[in-house]
Every structure is written in structure tokens, then in C-alpha cells.
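Residue numbers (UniProt numbering), protein chains in the order written: chain Z, 1 to 351; chain A, 1 to 351; chain R, 1 to 351; chain F, 1 to 351. Input: a single structure, listed below in C-alpha cells.
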């Protein structure tokens, strides 16, 4: 930690500040520049010290040097985390393609979509049983029954499953039926939920808050890792900016940045990241070119009649299949592998 | 709802779209402009219809005209909501001043700060017993014991109390000890929590998400109102922008805008809205000049040693007292009343 | 300047970097923390050094400590700049009220509005003769003739005048007719224009770019100051954020922040900062409460027929007059003076 | 254009508004919904009408339906614009790779970099002779001499050249020496400059303002097109968001969106769009995968000693060469062609 003194701080005030710092059991190291004096604080300081210094007269700015997350940092874990779920390896160089509807609507719907996702070469089926909705009068999801339908369809067609969990009390039941738990953008800093996720070992896909910095995303992942669950993947799904033509601005810079700062796998969601079906295919390819370990894409057999109204960003199954065929050719040129004709995952969703 | 057709949509496609609309039991009304054709949809359409239209070929844009919230809207409730809590009236022209520490730290601390808030002329004491923290290694709050200390200090000194509640399961216990429940910026769209708040009648102060639009804030309040709790006040606490010198950008435009769109009281939090103590006093005055019904301000007797590190934005008690004296003179010129020497609130915190 | 080394930098690499730094004639000062090593660079470094260090392997981050502006900084000029224009003093505690139409439309229009601005108690009349327009098919302004009409009206009614100048070649003619030159939000970083403004001594009102940070605004003012023109006032006029209900988000935090960082006067433009007439009055009061030295407000006698279409944010003359009467009462409580019945400015606009 | 009436507008007021509209020579078409009444305005309305309506009592919102740009719109020009510069075709399916230093520094430097860009397979050399700098004390560029050096190096090595022009008076001299003129992010709305560019026929690369919407970018291009210069390409170079880890947020959504809205070629600048060398290669590939017609990349032979300090985002020449080899393999899979061993452009830079 570094404290930068104001231009006109007296020597006496400087010494007072140094004494305050050293009372905390850390060392203060003074550097005198031409315009300003800087104090370096050496040792493991109480997090409060930064804030205390910030408000002491004579201190202009305090800069923290150590990152606030450790377990998520590549500094302390140089090798990539590879999450192996029933033989599907996420983060290890093989592209993982997840597809499915925004919401589970009926057993027939989910069986049909599972068949198509599998036929296209996907490894994971997404589907929401509980839906976060910005207005109270919208469709709020099918509930636990939807989890059962998904589990069944996943098992039958040899697909892993992923679903969103929104509250701590639903974590266990979702984890019982589903292979991966998704934390949505509005819950990235739902700290009670994050703490609960740290107590299980089901893999978690943590979506970036639509206004969260990289640092905040990594701190949120730290909650789960610190609780004891090492199986975390990060997901870029678009941020909120001044541009309103697209639903969000998909920030693909996040992909190489997160890979640099962290060892966790990075998934991209081009459906929410654009909000428009006609942008999903080009942005899917862009995400993989930027280095994504996988994609999560909304696919619907009848988007005109989707229950959530998110159909506008859903691919038709044929589009998803065609995209995966293109990926099969692109992946090797981008240092990853992908094969649409692989054998069914061994015992997927056989929980 | 209005659907704008693409430049080159054929008459045949137009008629197909009209038939699709009318199958939903609403009326389609065609207006032919020079460049484009527009369809007006008349009647109460299923919310899905907008999204369906958006993805039909030939439709360029769909614009919803009715607001998605009703109970929060001034259109349907022209008079101001006035929330009366033990004689303190919020939203009725009398300024309400809330002050206190970020976190409850000890019974002695909270008693001392209550005495000072009361002496300064404040009506409500704030204090956090549970703290949302972006990193897992920070101080997370005292817990239920802190609620008891606050209730006691409030009762002794004749102050109402406000505290943040973060999860549905803590709503009842917080409501038992506290007069107003605060929903923090990261929980504005925690829909389970909002639904729970709709089932009680304790007044709620709903903070705007740091990246939430006015419309999203009003929709979030609609969740609580629709559940049956009419006692909601809105709180502007700063939004996230490209400017990082201040912790947030306090958006005071929100005050007159929310008053125009809604009948709910509007409180401003200049402490989080600036993040810097030296900006709190001028921005407090600005907030009241913009029309705020009240302020919530961090005040700490020993900010250098605050447990949360938020001391940097806390006023010293003397500053708070001086601000309230200034408010007493300013308020009448701004169409509101404020009196630092009022009688103690009748039975405040006597729950 | 401070360079923070990566976690795993070798001692050898550290010494190489130190040698590179010291070759530039400055001193490198090593501080060893528990996790990381930090190098303080002492002496006046070439601006390139920061960037060089940023890309050297082993360097994680480089932080500049000295501000990049000097003349605009309060560090080096503790007293407020007061700009005296024919007896109207800006920045010295007296509120300055500027009003007038977006665009000069006719001699009759500008004479009438000048009469009303003066009668209301305003000191400065605004009016645009050249208009920056985002689309090429919009009204582009009357031109030099408009400057003459304004000068005449200002002289007749005893008002100072302010107009926007958009290109270096028009600076001299605008300065010949007008008392204050306004630089618009899209030209804040038009460096050729800024350099030209440094060569004259006409007072300049420099508007913050709608996406410029405080630091960038102060650096832009530094261009003018460094050229030799000390008569610069800053203007907050709203920034672009994710919120689109208002035309811009008026950032009133800017007022106390700019006063803290700089000695230059700070003006606020609530017309562009909100884009909606009904918000202009409350936000004008808020701006003065936040500490503004003056306001610039759009006023139009017939806003429904304004040539630029900016009428939607223009006050009616009666609203402007009423606002100034309120200001007369508010100003003394906010540490400033304002008097609507002052004598005409001595020889205003008698150029 | 559509005007949405307030909830409680009387029939009488509605008829007044209709009469006001019809006085302008256009037709008003009333649609009565359940909650609200909407007026469709049919015919070519004066642009002022929208603003007039916006401020009439009873009108809640006015929505423009026609786009404000025509010449840039794909609606009126369905085929891609292909700009042919001495045999290099931009926008026609062949990738165009532009590389070179931020600033021209010496004849030797620019000759050496031209040799390397050519050897790598690039078709265009970039280089700045005039530099826009946010602070007045930074290096401001070499000037006209730099243009001569670039032209010579381009001619010798068979490369097109591109340089930034910042003011109308330099347009002619820059166009004399250079094949493509670049308009920088801070000048996207420098309307005098745009008008001047409309009077020549030199191809223009118009960079998106760092806070400009797609609509504003297309309106800016309309200025040039409307002036008579059809040779415009658009450039996405990153936008300003709340995320400050990267210099800008590269908005690749812009690529498919601009291709959909417009027929103009779209170039991407991953150097400014990230600000960090290690992100340039992955984001270059992502940009091409998203559909970019070309890239403009900073390349420097000795980035540690670059004069502008932008070295931190410059590729080493070897990295550029390797990237272009990868592009040669990727391009065909992404529907474009690219060949690093093509013949020299016929008479490139032989002006």
C-alpha cells in the first residue's frame, strides 16, 4: 500500500502519519520526490488502514498494491483450472458449447431441444426453472418440476445440464438435479448465495454483473473459492454502457484479461451480450477467437412463442447446428479442439 | 404498443403480421407514413407479443407505450405518498434527516452516536448490523445483537431507526427491531427479497442499483407495492459512470424525475453518492435544493477507526449538526420545513 | 511516479529496470513489501518513461503521482481566480446568471430577450450564432450577423454577452463582438482551438466534454492557461451515462470537486444537463447549493417555435425571472450574493 | 414520427395538438389505445416539429421513426460500398491489414517499419504526423515533413498510407501525401472538418467517438457523404465505460450492427480498443471473426522508446507478422480472403 502526501504537508504531519502507520505493526518507508512525498507501507496491513489514511489530513491518495483476491489469482495458481464434469473438461483447451432455451416450458419442449443440442454437437443443455424478472407481472418460471424434466432429458440424450439458482435455499435442490449451477448477473454480489455455493462442490458458472469490473467479478469468485469450492468458471455476458441499440455491450476484452489475471475458465454468453439473434453468430465466433473456453447460447425451437419473451435473442436449432459445424473448423486454428461427432458423455446427468 | 415496419416490407407480409396480432385478441391499427408503415396495437396485449413482433421479419422496432409499473406511477396515484412513522412524516413536505455509522460496532458507540444525532436535530438513526462486502475477507457485521443495541439507543434518545436487510430470512427479525428497512444498491433486483418485503407493512427505503435506470428502480418498487406494502420510499445513492475520481456520480436529476414519475418519497444518500467527506455537505444542500424529501448521511464519532473503512465518507458529528442548522434556514426557502428543536418523536422505536 | 513489480520478478530483472530508470537522470528508490516490490521514481522524469516502464516485463503497473496540469491546479495557485468583466466579477462570491436562447434568430428576438434577461436580474446574455449540429441536415446558425445583433442588444440593455466559438479562425471575430467565448462539449479537446484561445485574453467558458473526466477537463483548461490566457471558467453541463430518460446526467459532484482541485470559477448549465424544462428550476437551485459560481440557462420567448428544436429545455422568461428572485433569497444562505436590482454593468458590451 | 399523449389528456387538448400538427402540412393520424392515445404524423415534417410537440402539454413522448441519416443507410443503398485504392479493395470481402507506429519519428524509422509491414503482408502503413494530445506539455508530432517521409516509404515498399488529419486547413496537404485520411475519435463531431472532407474524394476512415452511439457515428459519416465524398469507412476503436482496467472497451457488437445498418466498410482498431499489447492479438482475431473488413494496428520497432508513449499498446513487428500468418488461415473460414504473399499494390502512394 502506498500513501501519497499532499503537496504542502509539513514534516511534522508526515512524522505523525508515519507513527500512526507503524502503530499497526507494519513498516512505513518514506520516498521523497521533487513535488511530493510518498509513504510505502510494508507488511500485512489491516484493511482499515487504507481508509484511515485516506481521511487523514496531509494524505492525498492511497493506492492498494496487493490484489484483494488471492485464490482466484493467477499469481498464486499459475496453471489453468480444468473442471472435469463426467468427462467434459472445461478450461483445458476443448471448447464447451452450451445451448438451450431461456426457460423450461414443458417436458416435450425440453426433450426436443435436448435432442437437437446433442445432434448439433453440444455438450451442455441450459434451461431456467426459476427466472429473475425485472417486473413483478412477468412469467417467473416453472419451478422444481422444470429441474426434473431437464435432468431426465439430459440423461436420455447424454448432455450435461446447467440452470440458474437465485437464492441460497434453492442451491441444494438445484445441485441435486443439475451438473452446473449458473449465478446470474444480478446475483454476482449476492454474498449469502456466494457463501452457500462455497460449501458444495458442484461446478459454478458465475456471470459478471452487468456493471461489475473485472476486479469485482474476481472478488465474487473468491467468495466461492474461499468457501472451499474450487470449481468456478467465469462468464462474460455483456455490460451496460451508454449504447442502447444492443441490449448490452459484449466486452470481449474480458476474455484475455480474465485469463491473464486468473486461472479460472472463461465462458461467453453472446445471447444476452447482444440481445439480438442476428448478432449471436458473429459474436460467438468472435468470443472463441478472443480465447473463450466455451459459449452459452439461447436456442429455442419456437422462439416466436417463447414464454419469457427472450426469443428475440434465441437461435433456431438449425443456426446453432451450423454454428457448431463452423466452430469445428475454426477451433484448431485458434488453439482449441472441438468435435461435433464425439461419443455421448459417459454418464452425464446420471446423478 | 407500436410496431414499426422495415422500409421494404411487402403489403402481404404486413397483412400476415396484422393477422398474427389480431389472433391475440387485440386490435391492429395501420398508419402509413411516407417512408414507413406503423402498426398501433390497441388493447391489453400479452407481454410476449412485443418480443414476438420484434423477431418477425418485416418488423424493425417495437415500442411499448404503457409503463410496466402501475402502482408506483403518479399517473394512477396523483397525490404524494406520505409515510407516517410514529409521527415522523416522510414525503409530506417536512425534511427527514437520517444519520449514523456505516456499521454498528458496540452498545457504547451506538448510544453515543444516537445522542449526537438527536441533539443535532435528526429524526432517524442509521446503522448496519449485516454488511454486504465485495470481498470475502472483510468485516461482515455484528449481526442480530447490533439490532438490539440500535433499538435500545433509538428508544432511549427518541429516534427512529433504519437498518439494511440483505436476505428474505432476516426480514422479520430486522422488522421486529427497526422502524425502516433499507434495501441496498446490490439488492435492488433481489426479487425474492422484494417479494418478502411486500408481505409486511414496515416502511422500506429502496436504494437505486448503482447501474439501474429510473424505470428499473420503479419496477423494483412495484414488486413491494404489488405484494401489499404501500410504505416504500426511493433512495438515490449515486450511479456508476466513467468518472472514477468520486466513488459514484450522485445523480440529482433523479430527484425531480422520480417525483414526476412517481408519488413515492425520494431520499438522497450523499455519503455513498460521493464517497468523500468533503463533498458530503455541499451535495446534501444540493439534494435538498433539488427537492429531496430527506437525506441519509454517514456520521461517525471516530471515523479514523471505523470498522468498515467507510469512515472516509463519514461526517464528524459536529459537521452533521452544523449542516442541520443550515438546513433549518434553507428548508423554508425550498418549500419544505425542518426544525432542529422539535419534540422527541412520541413513541419512537418502542416496538 | 511509482512502478509496481509483478509478484514473481527476479532480483536481476529488478536491477535491470532500475538501471533503465537511472539512465534517464532520475533516481529509483526500491521499497520491498511482503508480496511485491515497488520502485519510486524521484526527479522530473520524461513523460515517456511511464509508458516505457508499463511495457517492460516484470512491471505490473505504473502510477503517476504528480498531476499533469499545473497552472489550473489549486496546489500551485491557492486563491480563487476572479474574472472581472466590466465590473461583473465571476468566481468571487457573487452569483452570475446567464440566460438567453440556444440560437440567435433575429434582431427583434434578441433585443426582446435581452430586455427580459436584464429585467429579471441577469448579467450575461447567451446566444449562438454558429451551431454544432449532429446531423448535416439541421439548421447551422445565422453566422456573423448574429454576433452583431447580440452585441447591439447587450450594449442597449447593459448585459455582457457570451457565444460559442467552434473553430480557430472564428475566434478573433467572436472575441471582437462578445464578452465571453464558450467552448462547447464536443470541442473540449479540439486542441488547435484551445491553443488559439490561449493567445487572446477574452474570458473563456470551457464546457466539460460529455464523456470527459475532471482530469481531462483540467488538462484542457491547461492548454488555454499555458498559452497565456488566465481568464478561464469551467462549465459542468452533464455527462453521458447509461440513463437515457434525461438528455444527460448533470454531475453536480463536479462543482465541489473542481473547486477543490482548481482555483478556476465553475459554472453549471442545467438546460443541457437535464434536457427537460421541468427539471431546470430544481437543478438550478441544486447547482447553486453545490457551490456553483454561476448558471447558464436557456431562455426563449417562444420555445415552441425555436429554430434549433432545443426549445424543449428552454425556460419561459417568466420562469427565469422567478428563479432569479428565489436565488436572491437563497444565495446569502449559501455564502454567495445575488441582487436582481443591481445597476446596469458600467460599460457592458461597449467594445 | 409518433406522439404519445399523457394518460389524462382531454379530447379538446388532443384536437388542439392535431391542429398544430396539420398546420405544418403533414397529416395527423389518431390511434386510441386502452391507456393512451397516440398520434402518428405522416408526411415529411419539419425537424422542429418533434421538439415543439415534446414540450406541448399533454404530450408525453415523441418518437422519430425515420432515421436521421439516409446516404449512410443500407435501406437506401443495399449493396456494400467497396473502396478501391490502387487495387486494394476495402469492403469487398478481402481483409485489409494496416500497421505502423503511432507517430512518425524519423525517415529511417518509417522506412524500416514500412519494409516490415510489407514483408508481413500488410497493405497499408499508418503513421501520425500531427498528434492530438490531452495535455499541452506532450509531444505534438513532427508535422508536414513526416507526411513526406511516409509517402516516400509507402512508394518505395508498395504500401498505401493512412494518417490522421485534425483540422480543415490541413486536409488538402494531408490528402496530397496520403492515400487515406483518418479522423480521430475526438474529431468525430468536428463538423467543420467533416464538411471539408465532403469536398474531396480521398478515402476517409472515420473513427467512432469514444462515447458516440452507432447512430451518431452514422450521422457523422452522413456529413461527409452528403458533401459528395462517397469513400468513407467506419472504425470501431473502443468506447469509454466504467471498466478502467483496459484503456477502452472494444465494442465488437459494433461490427455486425454497423454492417446491418450501413453499407460502409468497418475497420477495427484493437490497439486503442484495448491499450495493452498482450490483448491486441486475441482481439484482432475476434474483430475479424465478428466480420471486420480490416484492422488498423500499432506496430513499432522499438516500442520502449516510442515518442508518444503509446508503445505500451504497439506490437513488435514479429508479432504483427505472426498475426498476419494466422489471419491467412482464418480468413477463408470467416468468409473473407487474405494473402500475405500478394504482389505489391500496383502504383501505391505514387501520387
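Ideal Cβ positions, reconstructed from N, Cα and C, are used throughout, including at glycine. None of the values given here were measured: they were computed from a predicted structure.
Query	Result
Min CB distance residue 312 of chain Z to chain A below 8 Å	yes
Backbone CA spacing between residue 231 of chain F and residue 16 of chain R [nearest angstrom]	49 Å
Alpha helix (DSSP H) segments (min. 4 residues) lying fully within the stretch 259-297 of chain Z	270-274, 277-289
Buried versus exposed call for residue 350 of chain F [16 or more other C-beta atoms within 10 Å across all chains shown]	At residue 350 of chain F the pLDDT is 44, less than 50, meaning the model places this residue with poor confidence and gives no usable figure here.
Among Z:256, Z:4, Z:332, the one whose alpha carbon lies nearest that of residue 367 of chain Z	Any property of residue 367 of chain Z remains undetermined from this structure, which presents chain Z solely from 1 to 351.
Test item: CB-CB of residue 297 of chain F and residue 270 of chain F under 8 Å	yes
Close-in-space but distant-in-sequence residues of the same chain around residue 335 of chain R (CB under 6 Å, 5 per side omitted)	none
Beta carbon of residue 141 of chain R nearer than 8 Å to that of residue 114 of chain R	no
Closest by C-alpha distance to residue 116 of chain R, when choosing among R:339, R:300, R:332, R:330	R:300
Meets three-Cβ-pair contact criterion under 8 Å: the stretch 272-292 of chain F and the stretch 67-78 of chain F	no
Selection from R:247, R:36, R:155, R:91 that minimises the alpha carbon distance to residue 205 of chain R	R:91
CA-to-CA distance, residue 245 of chain R to residue 259 of chain R, given in whole angstroms	29 Å
Of the listed residues R:32, R:341, R:39, nearest to residue 22 of chain R (C-alpha basis)	R:39
Proximity of residue 319 of chain F and residue 281 of chain F at Cβ, strictly below 8 Å	yes
Nearest-angstrom Cβ-Cβ length linking residue 1 of chain A and residue 41 of chain A, presumed shorter than 8 Å	4 Å
Cutoff 8 Å; reference residue 256 of chain R; Cβ partners in own chain excluding five residues on either side	290, 291
Contained beta strand (DSSP E) runs [length at least 3] in the stretch 73-137 of chain R, N- to C-terminal order	83-85, 88-90, 96-100, 124-126
Segment limits, beta strand (DSSP E) that includes residue 324 of chain A	First-last for residue 324 of chain A: 317-333, but that is the alpha helix (DSSP H), not the beta strand (DSSP E).
Interface positions of the stretch 177-211 of chain A facing chain Z (Cβ-Cβ less than 7 Å), listed along the chain	186, 189, 190, 191, 192, 210, 211
Chain-ordered chain R contacts of residue 360 of chain Z [CB-CB under 7 Å]	Nothing in the structure corresponds to residue 360 of chain Z, since chain Z is present only between 1 and 351.
Where residue 226 of chain R meets chain F, residues with beta-carbon distance less than 8 Å	136, 137
For residue 32 of chain R: DSSP bridge partner residues	R:37
Enclosing alpha helix (DSSP H) for residue 176 of chain F [first to last residue]	171-177
Segment limits, beta strand (DSSP E) that includes residue 207 of chain R	204-207
C-beta neighbour in chain A for residue 257 of chain R, strict 8 Å	yes
Where residue 16 of chain R falls: helix, strand or coil (DSSP)	helix
Cβ-based burial, residue 332 of chain Z [other Cβ within 10 Å; buried from 16]	exposed
Straight-line Cα distance separating residue 129 of chain F from residue 191 of chain R	15 Å
Distance between beta carbons of residue 228 of chain Z and residue 267 of chain Z, contact taken as under 8 Å	So it is not a contact: roughly 22 Å between Cβ atoms.
Unbroken beta strand (DSSP E) run spanning residue 181 of chain A, endpoints	180-183
Interface residues of the stretch 279-307 of chain Z facing chain F [CB-CB below 8 Å]	279, 282, 283, 285, 286, 287, 288, 289, 290, 291
Whole-Å CB distance - residue 254 of chain F paired with residue 214 of chain F, under 8 Å assumed	7 Å
Nearest candidate by alpha-carbon position, reference residue 233 of chain F, set F:96, F:55, F:35	F:96
is_contact[residue 214 of chain F, chain Z] using C-beta, thresh 8 Å	yes
Where the alpha helix (DSSP H) through residue 372 of chain Z begins and ends	Shown here, chain Z extends from 1 to 351; a query on residue 372 of chain Z therefore has no answer.
C-alpha distance - residue 162 of chain A paired with residue 184 of chain R, whole-angstrom precision	44 Å
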